[in-house]
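Encoded as structure tokens, the structure appears first; notes follow it.
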Amino acid sequence: MTIIVALFPAVAEPEKPIGRPASMTKPMTIESAETVESVPKAEKLSILEQTEHSLIRWFVDRDLPKYRAKQVLSAIYQRRIDSFSDMTELSKDLRAKLDEQFYIFKTKTAESQQSEDGTEKLLLELPDGGRIECVLLRDGPRRSVCLSSQVGCAMGCVFCASGLDGVDRNLTRGEILEQALKLQRLLEPEERLSHIVMMGMGEPLANLRNVLDALDVARDSEYGLGISPRRITISTVGLPPAIDKLAEAHSPFQLAISLHAPNDELRTRLVPVNKNIGIEAIMAATERYFAVTSRRLTFEYVLLKDINDSPQCAGQLVKLLRRRTAMLNVIPYNPVPGLPYETPSSEAILEFRRILMEGGINVMFRQRKGNDIQAACGQLRRLREREPQIVTLNSHG
Ligand code: SAH
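The following block contains the structure:
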């Protein structure tokens, strides 16, 4: 696979606007799908696909005050209102108009799971039948959401459940935001979302435009979720041209690189797209990112028993990361049914940790969350694919 293919796995086939017969659809890019300018008025549109600008235009075109646009957006993103009829600050007539033109959510909650540690996971079904997973993590005062960026994944990491069947398509900005909103609605009224990690299904940098558009709303404090970019992490397999684009976007998000191996030979075995990229090129891209954003980088390392957990691997990691302003996040493998990989023993994990700490690496051994609910990416969807029935466990759909 070339880097180009890896970067744009699902963009080749443009999205069909929702709810329109195929014969009416014009080819259009994912970014331009469903803006108010491009779709006939008779069709309902997704309000989550609207930008602040496109919604203002909708109001202005109808001789309505433009401040109403932000009012509607903040009702959805900040006040967690799920239907236009509940927006009582608007006139009945306007509520009816909005309801005629827009819908808010498009996914059905096919399943929801709650772990003993407070982690909750949703399996959402899209109108085209695609399924995505998203997770809410409760950790002290933190309320983090882990979001998917694609249906499936094209990166092919051998130990990961998300990419076992390849990628179906990119998610739109509204579909990314919808995950955050559905999880936000699981919180108590006094709880607030505090962090976002783009660590669900898919490779966020292969869907950079839509991810950045969604994160613009996530960080907006006037009408959006109001989450600071330093509390938003984009996790990537490491695609240098897209890392450079992210730096150019001047959005100082936290960047996490899924390294998983200290040398190219082993990394290519675990993360096949590495073949055409290589660790050196990724390191150079992360340095450019750091130069522009001053954000400390995180490297992720999933520990797989007898594969990348040897003292030699730890020693090589020390050499690779020693002089960098970076944090190494070591994550014990969360076993995926049907895959042959295992979590290392506690002794092996401790020895690995000792070598890294003695080598002066800024290292964090992350605790696994949601173990009892298939919380690693792609696990729940995969499990359910083998069971033909969808059981609706709650009414969030
Ligand atoms: N494609 C992106 C983001 C999605 S995966 C990336 O590669 O970073 C988010 C993280 O979870 C990655 O570091 C990935 O390697 C890791 N991961 C995937 N499956 C896992 C599993 N079964 N156990 C532990 N971590 C896993």
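Residue numbers (the working numbering): 1 to 397. The beta carbon of each residue, even a glycine, is placed where N, CA and C say it ideally should be.
Have a look at the DSSP bridge pairing and note the partners of residue i.
{"i": "His-195", "result": "Ser-144"}
{"i": "Met-364", "result": "Asn-329"}
{"i": "Thr-343", "result": "BP columns for Thr-343 are empty, so no partner."}
{"i": "Ala-256", "result": "Ser-235, Thr-298"}
{"i": "Arg-131", "result": "Glu-125"}
{"i": "Glu-120", "result": "Gln-114, Leu-136"}
{"i": "Tyr-77", "result": "Answer is none; Tyr-77 lacks a bridge partner."}
{"i": "Asn-274", "result": "Bridge partners of Asn-274: none, in fact."}
{"i": "Tyr-103", "result": "Ser-46"}
{"i": "Arg-185", "result": "Answer by DSSP bridge pairing: none, since Arg-185 is not bridged."}
{"i": "Arg-398", "result": "The question about residue 398 has no answer here: the residues shown for the chain are numbered 1 through 397."}
{"i": "Thr-286", "result": "Its beta-bridge partners do not exist; DSSP assigns none."}
{"i": "Lys-108", "result": "Glu-125"}
Can you give the Cα-Cα distance for residue i and residue j, rounded to whole angstroms?
{"i": "Gly-226", "j": "Pro-311", "result": "43 Å"}
{"i": "Val-271", "j": "Glu-188", "result": "39 Å"}
{"i": "Phe-8", "j": "Arg-267", "result": "With a pLDDT of only 24 at Phe-8, under 50, the local geometry of the prediction cannot be trusted, and the value read off the model is given with reservation. Taking the straight line from one Cα to the other gives about 21 Å."}
{"i": "Pro-27", "j": "Gln-101", "result": "With a pLDDT of 31 at Pro-27, under the threshold of 50, the predicted position of this residue should be treated as unreliable, though the coordinate-derived value follows. Each residue's alpha carbon lies about 22 Å from the other."}
{"i": "Gln-113", "j": "Asp-264", "result": "38 Å"}
{"i": "Ser-115", "j": "Gly-140", "result": "15 Å"}
{"i": "Ala-281", "j": "Ser-83", "result": "48 Å"}
{"i": "Met-199", "j": "Leu-64", "result": "40 Å"}
{"i": "Ile-81", "j": "Asp-117", "result": "27 Å"}
{"i": "Ala-285", "j": "Arg-79", "result": "39 Å"}
{"i": "Leu-164", "j": "Val-135", "result": "20 Å"}
{"i": "Arg-57", "j": "Lys-66", "result": "8 Å"}
{"i": "Asp-244", "j": "Arg-209", "result": "13 Å"}
{"i": "Ser-221", "j": "Asp-128", "result": "32 Å"}
{"i": "Arg-62", "j": "Cys-160", "result": "49 Å"}
{"i": "Thr-343", "j": "Gly-238", "result": "24 Å"}
{"i": "Ala-75", "j": "Leu-55", "result": "14 Å"}
{"i": "Arg-95", "j": "Val-363", "result": "52 Å"}
{"i": "Ala-110", "j": "Glu-52", "result": "30 Å"}
{"i": "Gly-130", "j": "Asn-207", "result": "16 Å"}
Would you say residue i and residue j are within 8 Å of each other, going by their C-beta atoms?
{"i": "Ser-235", "j": "Ser-258", "result": "yes"}
{"i": "Val-72", "j": "Leu-45", "result": "no"}
{"i": "Glu-133", "j": "Leu-123", "result": "yes"}
{"i": "Tyr-289", "j": "Leu-246", "result": "yes"}
{"i": "Leu-328", "j": "Phe-299", "result": "yes"}
{"i": "Glu-203", "j": "Ser-148", "result": "no"}
{"i": "Tyr-341", "j": "Pro-332", "result": "no"}
{"i": "Leu-317", "j": "Ile-361", "result": "yes"}
{"i": "Ser-144", "j": "Val-197", "result": "yes"}
{"i": "Leu-356", "j": "Ala-291", "result": "no"}
{"i": "Phe-253", "j": "Leu-303", "result": "no"}
{"i": "Leu-212", "j": "Ala-249", "result": "yes"}
{"i": "Pro-240", "j": "Ile-277", "result": "yes"}
{"i": "Asn-308", "j": "Ala-261", "result": "yes"}
Run the CB neighbour count on residue i, radius 10 Å, all protein chains shown included, and call it buried at 16 or more, exposed below.
{"i": "Arg-185", "result": "exposed"}
{"i": "Asp-86", "result": "exposed"}
{"i": "Lys-319", "result": "exposed"}
{"i": "Thr-29", "result": "Low per-residue confidence applies at Thr-29: pLDDT is 33, beneath 50, and the placement is therefore not dependable enough to give any value."}
{"i": "Leu-193", "result": "buried"}
{"i": "Val-167", "result": "buried"}
{"i": "Ile-18", "result": "Unreliable positioning characterises Ile-18 in this predicted model, as indicated by a pLDDT of 29, which lies under 50. A coordinate reading is not provided."}
{"i": "Leu-297", "result": "buried"}
{"i": "Glu-178", "result": "buried"}
{"i": "Lys-182", "result": "buried"}
{"i": "Thr-119", "result": "buried"}
| message | Quick check on the DSSP output: what are the complete alpha helix (DSSP H) runs of length 4 or more inside the segment 196–249, in order along the chain? | response | With a minimum length of 4 residues, the continuous alpha helix (DSSP H) runs that stay inside the segment 196–249 are 208–219, 240–248.
Please go through the segment 288–312 and give each complete alpha helix (DSSP H) segment of 4 or more residues, from N-terminal end onward.
-> none
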